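Notes follow once the structure below has been shown.
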Amino acid sequence: MTTRIAKASPALLLFAIFLISLNLRPAVAAIGPLVSQILGDTGVNSTIIGFLTMIPVFLMGIGAIYVRQLRAALGERGGITLGALIIALACAARLWLPTGAGLLVTAAGAGIGIAIVQSLMPGFAKRNFGAGTGRVIGLYSTGIVAGASIAAGTAAGLASSLDWEGTLAAWSLPAVLAVLIWVIAARNADSERTAPAPAAGTTPPQFWRNARCWSLMLFFGVGTGAFMLVMAWIPPFYLEQGLDQGAAGLLLSALTVIEAVTALGVAAFIHHFPDRRGPLVFALIMTALGFGVLYTAPIDMSFLAMALLGVGIGILFPLSIIVAIDHVDDPTTAGNFTSFVQGGGYILASFVPLFAGAVRDAMSDLSNVWLGMAAGSLLMIFLAVRYSPESYKRFSTMLRSVSLDRGLRAAS
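In this text, residue positions in the sequence shown follow our numbering: the first is 183, and each later residue adds one.
What follows is the structure, given as structure tokens:
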């Protein structure tokens, strides 16, 4: 059943979405600049640090896969509220659980909260903003990378007075504030609790049967893997190169600020590019060049590497979501389809920082990881050039025809 009441204020709702998005990465992004302190105080190794990033991202994927069940159980508004509250509780708990096991438990809690929010937000945005969804997702993505930037840039400074536990726990406060504003802003928004029954003679599409669905999943996974990799391992890498904690955190903050500004540009100008292939290929080339500079000249060209990665990932992350939404027409299918793409993509991406941690333990160096990501980014160009607007229409038509055909066969 669909609940429709008086329309919410679009400006206030956009602001609330932005505030919620700001809180979707600090639980992960604040870890990187504090790795040396965490390693020293808890005695864990780099693989465990990799798990602190891997667990939330993996759970984001699981949550996305089960979006229909989440929507039915919680509703979009209520689910997003609950997810943000869980993030706040997980961050606060780090003050009282400053051990390796405690960090893993709170990482799982944060991952559950993030998973709920991210699974439900695309469908909510499509339902309330229609043709403007691309811009909303761009703003939402900007908030995600901005939150990561703020967390990374302030972690070292806060830790000097709050210790690492207090620094991680402090992110519960903005999460609570975001929940309060969200509850006010979204109370009159269009929201769906239970997915509508399929039209007569149709069945819901089975995305896993289509190669384009897997292609978009892989594309999203590589882009998100790059984002999570730099969040987790840029500061430790530069600490190994001889920089101090503040300088390493500054580099990550610079990267994420550039990501945020770039993602904001995507939100503002993406409607000028109905054919997304040009921006996608440009983003992949910038990302590959950034990882290439990290491999060849990490100190001498450190800010160039951050700029290239910031621009590349800042375009790639929101566009990979926007392109998925472009492939479908109605809000419910858009939410379910992006959840399929994000679900598998996040699961794939979750293993990237974990693999990097294992490589660091085995080789005491991350250079080969940068080289591998550069190669992977270039290979993704072969997928990007296939995402033409005409292919969106063919895909959408195919989904409808397959659903109708399967429904008719089921009824016969």
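All C-beta atoms in this analysis are idealised placements derived from N, C-alpha and C, irrespective of residue type, glycine included.
Only a predicted model underlies this, so the values are computations on that prediction, with no experimental measurement involved.
Could you check which residue in the options has the C-alpha nearest to that of residue i?
i      : options                           : result
Asp223 : Leu279, Met236 and Leu271         : Leu279
Ile529 : Leu234, Ala436 and Met242         : Met242
Leu285 : Thr478, Ala209 and Phe522         : Ala209
Gln251 : Thr281, Ile298 and Gly291         : Ile298
Met410 : Gly348, Phe233, Gly291 and Gln427 : Phe233
Leu196 : Phe402, Ser331, Ala442 and Phe306 : Phe306
Ile326 : Leu355, Thr406, Met545 and Asp547 : Thr406
Gly312 : Asp511, Val287, Arg542 and Ser546 : Asp511
Leu498 : Trp364, Ala465 and Gly525         : Ala465
Gly447 : Leu340, Phe200, Gly554 and Pro500 : Pro500
Gly474 : Gly526, Ala408 and Ala442         : Ala408
Ala371 : Met303, Gly320, Met562 and Thr235 : Met303
Val318 : Leu264, Glu422, Trp346 and Ile202 : Ile202
Ala487 : Gly293, Tyr420, Phe519 and Arg568 : Tyr420
Asp345 : Arg568, Leu277 and Phe519         : Leu277
Ser191 : Ile363, Leu355, Asn392 and Gly496 : Ile363
Leu553 : Ala255, Gly472, Ala211 and Val217 : Gly472
Phe564 : Val249, Arg391 and Ser397         : Ser397
Measuring only the C-alpha atoms, how far is residue i from residue j?
i      : j      : result
Val505 : Gly245 : 20 Å
Thr336 : Gly431 : 8 Å
Val463 : Ser502 : 12 Å
Leu425 : Leu433 : 10 Å
Asn227 : Leu194 : 44 Å
Trp353 : Ile507 : 30 Å
Lys575 : Leu267 : 39 Å
Tyr477 : Ser549 : 5 Å
Phe401 : Gly291 : 27 Å
Ala379 : Gly494 : In this prediction, Ala379 scores a pLDDT of 49, lower than 50, which makes its location untrustworthy; no coordinate-derived value is stated.
Ile481 : Gly403 : 28 Å
Val365 : Phe200 : 13 Å
Ala540 : Met468 : 26 Å
Ala382 : Trp415 : Here Ala382 scores only 46 on pLDDT, less than 50, and its place in the model should not be relied on; the value that follows carries that caveat. Near 51 Å, if we compare the C-alpha coordinates of Trp415 and Ala382.
Ala377 : His453 : Bear in mind that a pLDDT of 49 at Ala377, under 50, signals an unreliable position, so the number given afterwards is only what the model happens to contain. Cα to Cα, the separation comes out at about 29 Å.
Ile187 : Arg309 : Low confidence applies here, because Ile187 scores a pLDDT of 43, under 50, leaving its location unreliable; read the following figure in that light. If you take the alpha carbons of Ile187 and Arg309, they lie about 13 Å apart.
Leu321 : Glu347 : 30 Å
Thr515 : Ser573 : 17 Å
Gln423 : Ala445 : 29 Å
Thr384 : Ala429 : Unreliable positioning characterises Thr384 in this predicted model, as indicated by a pLDDT of 48, which lies under 50. The coordinate reading is nonetheless provided below. So the two alpha carbons sit approximately 57 Å from each other.
Ser570 : Asp457 : 6 Å
Leu204 : Glu441 : 13 Å
Val126 : Ala211 : Residue 126 cannot be examined here, being either before or after the span of the chain that is shown, 183 to 594.
Look at the Cβ atom of residue i, then the Cβ atom of residue j, and state whether they are nearer than 7 Å.
i      : j      : result
Ala334 : Pro215 : yes
Thr324 : Ala449 : yes
Ser521 : Ser343 : no
Ala368 : Arg259 : yes
Phe577 : His509 : yes
Gly282 : Ile230 : yes
Thr288 : Ala272 : yes
Gln427 : Ala338 : yes
Ile262 : Gly525 : no
Thr349 : Ala341 : yes
Ser492 : Leu560 : In the sequence as displayed, the identity of residue 492 is Gly instead of Ser. No.
Met399 : Gly527 : yes
Phe417 : Thr235 : As written in the sequence, residue 417 is Pro, which differs from the Phe given in the question. No. Outside cutoff.
Gly265 : Gly293 : no
Ser546 : Ser435 : no
Ala198 : Ala274 : no
Ala556 : Ala470 : yes
So residue i packs on residue j, CB below 8 Å; how close in whole Å?
i      : j      : result
Arg459 : Ala360 : With a Cβ gap of about 35 Å, Arg459 and Ala360 do not count as contacting.
Ala531 : Val551 : No, Ala531 and Val551 are not in contact; Cβ-Cβ is about 14 Å, not under 8 Å.
Leu221 : Gly329 : With 8 Å as the limit, Leu221 and Gly329 do not qualify as a contact, their Cβ atoms being about 24 Å apart.
Phe519 : Phe389 : 6 Å
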